[in-house]
Structure formats: C-alpha cells, structure tokens
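Enquirer: I'd like to ask you about the structure that follows.
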Amino acid sequence: MCGIIGYVGPRQAQDVIIGGLRRMEYRGYDSAGIAVVADAGLALAKKAGKLANLVAELAESPLPPSTQGIGHTRWATHGGPTDGNAHPHASQTGRVAVVHNGIIENFASLRADLEAEGVTFASETDTEVAAQLLGREVERAGSLVDAMRAVCNRLEGAFTLVAVDALSPGRIVAARRNSPLVVGVGVGEMFVASDVAAFIEYTREAVELGQDQVVEVTPDGYEVTSFTGEAAPSHPYHIDWDLSAAEKGGYDWFMRKEIFEQPRAVSDTLLGRLDGEGRLVLDEIRIDDAELRRVDKIVIVACGTAFYAGMVAKYAIEHWTRVPCEVEIASEFRYRDPIITPTTLVVTISQSGETADTLMAIRHAREQHAKVIAICNTNGATIPRESDAVIYTHAGPEIGVASTKGFTTQIVACYLLGLYLAQVKETKYGDEIRDLLSELEQLPAKMQHVLDGLDQMAGLARDFIGCKSLLFLGRHVGYPVALEGALKLKELSYLHAEGFPAGELKHGPIALVEDGLPVFVVVPPQGRDQLHDKVVSNIQEVRARGALTVVLAEEGDDEARPYADIFVELPKVPTLFQPLVAVIPLQFFACELATLLGHDVDQPRNLAKSVTVE
Ligand code: M6R
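Numbering (the working numbering), first residue to last: 4 to 617.
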C-alpha cells in the first residue's frame, strides 16, 4: 500500500522521485504526487490514476529544478482517489508538505479542532491533519524535526510521514509508527522510502528504523531519535540483491519472471542449512532448544497466500513433531481471545514483513508471553524485527502483487522449521531428517521440470478464455493448493473461482457443477493411503455432472488419467512436498488467462502488494 519516497542530494529530485515511485508501483495505488523544495518555495504536482498521468502532467508543467523532494503513490482509504486527495498535502501557509502511509485514527477530532481554530482543509484525507498540524508546529518549534516529534505525539494509529519544509532546504524529516520506512544511505545523498526498491538503483546500503522513531536526513548523514527526542538505535544493513532483481529481465510481467525464479528461490532458501555432521542448523532461531522442547502447541498466523502456505505447513509440522498445530487468519486471531500460553510457539508467515494484521497478531501473542518466529522474505521489515526469531526466505524481491515464489519459499521455510523442531524434540531420527532434507534438495530440479512443460497451461488459458467460473479441488496438502489456485485466478482474472476440500464436494459445492464448468483437481500421489482413490472418485463425480476436468496428478497415474479431460503431469515427489510442484501450473494458468483478458497482471485492480492497514 502507499509508496513513499524522499530524496536529498545532488541529483534532480524529480527524476529520482519519479523513478522511485515507478519501482514502488507494485505496492498498489490509485493516485500519485510529488513536492520539491525550490528557490521560490514548495512546488507540488499530483494526479489521480496511474503514475503515467502524473508524468504527463509534469511534462506539460515541469516543476522547478530542485535537489530535494518527496513523492507518494496513494492507495485510497479516507477520501476517494482524486487529484485533490492525492499526496503530498501542504499546510495552509504552504510552508510544509507531507506524504503519509497508514491511517491516522484520531484525524476526525484533530480536524474538528483545527477547523474551529480557522484552518481550511483542501482534501478529505486523514493525512492533511498531519500537514496542517506540522505547518503550525514548525512555526512554534522552529525546526521541522521538533515539529514532527510534537505532531507524532498527537497522532493515533499507523503512520509513516515524510515532510519537507520550504524554509529548511537540504533536509527531510520522516517518522514511523506501525508503517514501514527505511533509509537509503548514498554517497553525498540520502533517501527515505517505504521499501528499498525505491532507491536500489543508487545504493545498497540501508538503515532500518524502529517503532516510534524520527529520522532527519541531509545529503551527508542521518540522525535517528525517538518521539521524545532521545537518540535512538538504528540498524544499518547491506541489501543482498541488486537492481536487476527489481527489473523484469525480458519477461512481460514480474509475476511471470517470479514464477520462473522458483527453483532458484527454493534452492536459496534451503542453502547452508546442514552442518558438517548432517544436522539441520537454523542459525536464525535464537530460541534455545530447552524452550523449544517445552513447546506444546504451535499456532501459525498469516494472511492470503501466506495463510495457505501455513495450511500446508500444518500437515508437515504435526506429522513430524506430533505437536498440535493450528493455522489462523491473522485478522481473526486477536479478536477471538485465542488460547496462547508461554509454551505456545506462534509462527507468522509474511512475504513483505509489513502486513498490519500479522503484525498485530504478533504483538498480541507476545503480550501473552508466547515466543514468536517469523518466516519472512524482507530483511529488516517490522514483523521480523518484532519477533523472537526469524527464518528468512531467500526469494529475492517479489514485485508482482500475486505471490508466487513467496508461497513456495514460505512452504520450504516451514518445512525447515518443522524438521528442526523434530530434531530438537527427537520425534524423528537424524537419518529420517536427512532423508527428508535430501528429498527437499531435489525439489528445485523437479520444479524446473514443471516449468519446462508449461505450454500446456498456456493452451488451456486460451481454451478457457470465455469461462465465468472455475472450481479447484484438493485434499490434504492439495486442499491449500486448490485454495491458492483459486485465489490466483480471482486476483488476476477477476473471475469467480473457489477452492474446496474434495471430500466436501457432496456436502454442497457439487451443486455448482454444470455442463462445461472447469474443475481443477489436485490428486495426491498414488499408493500411500486411500486419499488418492477417493480424489479419483471425486473427479468421476464432477465429470458425470458435465464438468470439464483438469487433473493435476503424478506422472504414470493411470487411475486418474481416464477421467481427465486435461491431464497435467506432475513429477513424483513425497505427498507432503507435492504443493511445491502442483501450484506452479495453477500460478502460470492464472497469469496467462489474465494476460489474455488484457488485465494488468502485476498490479491487479483494487489490490496492494503489502497490506499495511487493518
Ligand atoms: O506480505 P504478506 O505475505 O504478509 O502478504 C499476505 C497477503 O496479503 C498476500 O499473500 C496476498 O494474499 C497476495 N496478493 C496473494 O497473491
């Protein structure tokens, strides 16, 4: 949601800011704007719609030259996506301009107070309250940084604010509470942004900011303080990917690139996890073994695709550790008074590490004295920072709004955690763990094999272009894969798609089946138990009622094949690992169909990459 950037240095701020906003487009937005500090004061431009509208406006009426400014892509919350509601917002005097990500919960009362004092508002946003307060406070306090602290102490809710003051050239002040903000440290130039993609072109050195901190940046440095003005700790780090990772590299969509990156991403997530004696090592787990041995319940909390990764993980973790494992949607978790004790291990899964609901769930769990392990793809994000330990997935930046490599690497990280717990609790022998790890290490090659055969799914997308509704069925770990297949289609194609556990079919969903309805079925590997045969029966049931069956099953599955209108062959893998290969054709199918329908695959309508408000 909302992308924020601030720049101060020797370059033309407009170019840096527009470039940075372009790299943050993936976060999701519906208007964009920029403000620079020029010799004659602040100059602003803002437009509803895509960044291209703002760029066209700037081409017609360029801003004055300036080497300091702020920019924003807005995902509307308070007030529609209009030119007037787009950020930056200026104070009534025109002295300061502010961009904001988050929601200022007490904006209505603050606005009423300001209006009673004669302030006239130009927009319907909560943000403008911060701009007006800052404009008044800077006159009183004298410096932008002091004014920012004073304003932050009056705001409730979630916010990242970045501000410029026409009377303080060469200086940007930013603050954060519950919303992301990172500082980019260049040579003689500095950046602040919602994420590092905004400035990766210029520097790979970054600084994480903590909760309730204010940072003042000038071309030569930065100073971090708390909301009360004391010096505050900050954490410099090196970004371990470069500009090429944030570019499409010849693909039409980031999503397509990310689908094809999955074997590499999974390999990287598995890399370096065994010690010289073949024992699994997770260096990042800073919870001692005695404490892990005491864990008697695991609760996985996540949203969207990450939640489905958690559903897959539950099967594996319970099977390997024999510890009960619940999976819960983060937005529901803390509102139902969950039973969390100091021996509960809470595992959060988040690609971005900034999802507000997941973050709030962590805080709730820690208040109950549970230990929290985060599985996250974004170095230094708020969720890992606020957790007791983190297992990073090494997927590289995921820019397509639809999560793909995020999903598969999250599953792999959960498997590593499950096997580690099994090792610590001795619920599996060392050689069993080693065998499973060695099976896992073969997964990237098998995923590559699936990627090499995706032409079939491209053809299928062409055949299904007129469909209005599609169903996805699966059982056991195939069930979350079915849900994920349906979610990918919904978010990219805007078609009605549902995922069901195949065993539930006769309890209701089968009524949806009619002539020609495409039904995708994820079939468990043959042999191990009766699940396979039951799913094959389900395929026959829907086919008998006119469904067009797309059957994803293991190669050589001659029992499922006769009932498949389209048979999608998957490599042989153990049941628990099947999601890693089965999800790929579904991801690709959704990407293809949305492309054929003329949709923006990387930035589907109404969606934001990371949902930083509740
Ligand atoms: O960054 P997170 O993993 O916390 O995001 C969670 C969901 O918002 C995310 O997975 C969402 O469902 C994706 N757009 C699905 O493709």
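In this text, a Cβ means the ideal position worked out from N, Cα and C, and glycines have one as well.
What you are looking at is a predicted structure, and each value in this text was computed from that prediction instead of being measured.
Buried or exposed: which applies to Ser69, given that a residue is buried once 16 or more other Cβ atoms fall within 10 Å of its Cβ?
Expert: Sequence index remark: in the sequence shown, residue 69 carries index 66 (1-based). Counting Cβ neighbours within 10 Å, Ser69 comes out buried, since at least 16 surround it.
Enquirer: Identify every run of the beta strand (DSSP E) within the region 139-225, keeping only runs that are complete inside it and at least 3 residues long; order them along the chain.
Expert: Correct list: 160-168, 175-180, 185-188, 193-196, 208-211, 216-221.
Enquirer: Distance, Cα to Cα, Leu348 vs Gln426?
Expert: Working through the sequence shown from its first residue, we reach residue 348 at position 345. Working through the sequence shown from its first residue, we reach residue 426 at position 423. Answer to the nearest angstrom: the Cα atoms are 16 angstroms apart.
Enquirer: Given this structure, state the Cα-to-Cα distance separating Arg179 from Phe110, to the nearest angstrom.
Expert: Within the sequence shown, the letter at position 176 stands for residue 179. Within the sequence shown, the letter at position 107 stands for residue 110. Computed Cα separation, rounded: 17 angstroms.
Enquirer: Return the chain-ordered ranges of every alpha helix (DSSP H) run that is complete within the region 417-458 and spans a minimum of 4 residues.
Expert: Within the region 417-458, the complete alpha helix (DSSP H) runs of at least 4 residues are 433-444, 446-455.
Enquirer: Considering only C-alpha positions, which residue in the set Lys300, Glu159, Ala16 is nearest to Thr344?
Expert: Mapped onto the sequence shown, residue 344 falls at position 341. The shortest C-alpha separation from Thr344 is found at Lys300.
Enquirer: For Gly6, count the other beta carbons within 10 Å of its own beta carbon; 16 or more makes it buried, fewer makes it exposed. Which is it?
Expert: As a first step, residue 6 is located in the sequence shown; it is residue number 3 there, counting from the start. So Gly6 counts as buried.
Enquirer: Just mark Asp2 as buried or exposed, buried being the case when its beta carbon has 16 or more other beta carbons within 10 Å.
Expert: What is shown of the chain runs 4 to 617, which leaves residue 2 out entirely.
Enquirer: Quick one: using the 10 Å Cβ neighbour count with 16 as the cut-off for buried, is Gly121 buried or exposed?
Expert: One-based indexing of the sequence shown puts residue 121 at position 118. It counts as exposed.
Enquirer: Could you name the residues that DSSP lists as bridge partners for Thr347?
Expert: Residue 347 sits at position 344 when you count from the first residue of the sequence shown. According to DSSP, Thr347 bridges with Lys300.
Enquirer: What's the C-alpha gap between Pro512 and Leu492?
Expert: For the purposes of this step, residue 512 is taken as residue 509 along the sequence shown, with counting starting at 1. For the purposes of this step, residue 492 is taken as residue 489 along the sequence shown, with counting starting at 1. One C-alpha to the other measures close to 18 angstroms.
Enquirer: With H, G and I counted as helix, E and B as strand and the rest as coil, what does DSSP make of Asn56?
Expert: Along the sequence shown, read from residue 1 onward, the residue named residue 56 stands at position 53. Here Asn56 sits in helix by DSSP.
Enquirer: Does at least one heavy atom of ligand 1 sit under 8 angstroms from the Cβ of Ala485?
Expert: Locating residue 485 in the sequence shown gives position 482, counting from the first residue. No - ligand 1 has no heavy atom lying nearer than 8 angstroms to the Cβ of Ala485.
Enquirer: At what residues does the alpha helix (DSSP H) containing Leu476 begin and finish?
Expert: As a first step, residue 476 must be located in the sequence shown, where it is residue number 473. From DSSP, Leu476 is part of no alpha helix (DSSP H) but of the beta strand (DSSP E) over 472-477.
Enquirer: Tell me which residues share the same chain as Ser496 and place their Cβ nearer than 7 angstroms to its Cβ, disregarding the 5 neighbours each side in the sequence.
Expert: Counting from one through the sequence shown, the residue named residue 496 turns up at place 493. If we look at Ser496 and ignore the five residues flanking it on each side, its Cβ neighbours are Ala593, Leu596, Ala597, Leu600, His602.
Enquirer: State the Cα-Cα distance for the pair Leu515 and Thr231, rounded to the nearest angstrom.
Expert: Working through the sequence shown from its first residue, we reach residue 515 at position 512. Working through the sequence shown from its first residue, we reach residue 231 at position 228. Cα to Cα, the separation comes out at about 59 angstroms.
Enquirer: Between Ala585, Ala93, Gly22, which has its C-alpha nearest Gly488's C-alpha?
Expert: Residue mapping note: residue 488 aligns to position 485 of the sequence shown, counting from 1. Cα-wise, what sits closest to Gly488 is Ala585.
Enquirer: Compare the C-alpha of Met23 against each of Thr358, Glu429, Val176, His75 and name the closest.
Expert: Within the sequence shown, numbered from 1, the residue matching residue 23 stands at position 20. The sequence shown places Gly at residue 23, rather than the Met named in the question. Ranking Thr358, Glu429, Val176, His75 by Cα distance to Gly23 puts His75 first.
Enquirer: Below 8 angstroms, is the gap between the Cβ of Gln606 and the nearest heavy atom of ligand 1?
Expert: Within the sequence shown, residue 606 is the residue found at index 603, counting from 1. False, no ligand heavy atom lies under 8 angstroms from that Cβ.
Enquirer: Enumerate in chain order the residues of its own chain whose CB-to-CB distance from Arg296 is below 7 angstroms, with the five nearest sequence positions on each side excluded.
Expert: Numbered from 1 along the sequence shown, position 293 holds the residue referred to as residue 296. The answer, listed in chain order, is Val427, Lys428.
Enquirer: Would you tell me roughly how many angstroms separate the C-alpha atoms of Ile414 and Ala316, rounded to the nearest one?
Expert: Sequence index remark: in the sequence shown, residue 414 carries index 411 (1-based). Sequence index remark: in the sequence shown, residue 316 carries index 313 (1-based). Approximately 6 angstroms between the Cα atoms of the pair.
Enquirer: Does ligand 1 have a heavy atom nearer than 8 angstroms to the CB of Glu494?
Expert: What you label residue 494 is simply residue 491 of the sequence shown in a count that begins at 1. The answer is yes for Glu494.
Enquirer: State the Cα-Cα distance for the pair Glu401 and Asp116, rounded to the nearest angstrom.
Expert: Here residue 401 refers to the residue found at position 398 when the sequence shown is read from its first residue. Here residue 116 refers to the residue found at position 113 when the sequence shown is read from its first residue. When rounded, the distance between both Cα atoms is 43 angstroms.
Enquirer: Given 8 angstroms as the limit, tell me if Ala305 has its C-beta closer than that to any heavy atom belonging to ligand 1.
Expert: On the sequence shown, residue 305 is found 302 positions in, with the first residue counted as 1. Ala305 Cβ: within cutoff of ligand 1.
Enquirer: What do you reckon, is the C-beta of Leu596 under 8 angstroms from a heavy atom of ligand 1?
Expert: Taking the sequence shown and counting its residues from 1, one reaches residue 596 at position 593. No, Cβ of Leu596 sits at least 8 angstroms from all heavy atoms of ligand 1.
Enquirer: At a Cβ threshold of 9 angstroms, is Asp340 touching chain C?
Expert: Among the chains of the structure shown, chain C does not appear; only one protein chain is present.
Enquirer: Less than 9 angstroms between the C-beta atoms of Leu57 and Gly36, yes or no?
Expert: The sequence position of residue 57 within the sequence shown is 54, counting from 1. The sequence position of residue 36 within the sequence shown is 33, counting from 1. Yes, the Cβ-Cβ distance between Leu57 and Gly36 is below 9 angstroms.
Enquirer: Between which two residues does the beta strand (DSSP E) carrying Phe570 extend?
Expert: To locate residue 570, count along the sequence shown from 1; it is residue 567. Unbroken beta strand (DSSP E) run through Phe570: 569-573.
Enquirer: Go ahead and pull the three-state DSSP assignment for Gly121.
Expert: Counting from one through the sequence shown, the residue named residue 121 turns up at place 118. Residue state, collapsed to three classes: coil.
Enquirer: Nearest-angstrom Cα distance between Gln529 and Asp438?
Expert: Translated into the one-based positions of the sequence shown, residue 529 becomes position 526. Translated into the one-based positions of the sequence shown, residue 438 becomes position 435. Their backbone Cα atoms lie some 20 angstroms apart in a straight line.
Enquirer: Tell me which residues share the same chain as His372 and place their Cβ nearer than 6 angstroms to its Cβ, disregarding the 5 neighbours each side in the sequence.
Expert: One-based indexing of the sequence shown puts residue 372 at position 369. The answer, listed in chain order, is Pro345.
Enquirer: Tell me whether Val614, by its Cβ, gets closer than 8 angstroms to a heavy atom of ligand 1.
Expert: The residue labelled residue 614 in the question sits at position 611 within the sequence shown. Yes, Cβ of Val614 sits closer than 8 angstroms to a heavy atom of ligand 1.
Enquirer: Taking only the alpha-carbon atoms, compute the straight-line gap between Pro582 and Val480 and give it to the nearest angstrom.
Expert: Stepping through the sequence shown from its first residue, residue 582 is reached at position 579. Stepping through the sequence shown from its first residue, residue 480 is reached at position 477. Going by the C-alpha atoms only, they are around 7 angstroms apart.
Enquirer: What I want to know is whether the C-beta of Glu357 ends up closer than 8 angstroms to one or more non-hydrogen atoms of ligand 1.
Expert: Counting from one through the sequence shown, the residue named residue 357 turns up at place 354. For ligand 1, at least one heavy atom lies less than 8 angstroms from the Cβ of Glu357.
Enquirer: Which two residues bound the contiguous alpha helix (DSSP H) that contains Thr615?
Expert: Numbered from 1 along the sequence shown, position 612 holds the residue referred to as residue 615. Note, Thr615: premise wrong, no alpha helix (DSSP H); not H, not E.
Enquirer: Nearest CA to the CA of Gln354: which residue from Pro327, Thr385, Arg369, Arg339?
Expert: One-based indexing of the sequence shown puts residue 354 at position 351. Here the closest residue by C-alpha is Thr385.
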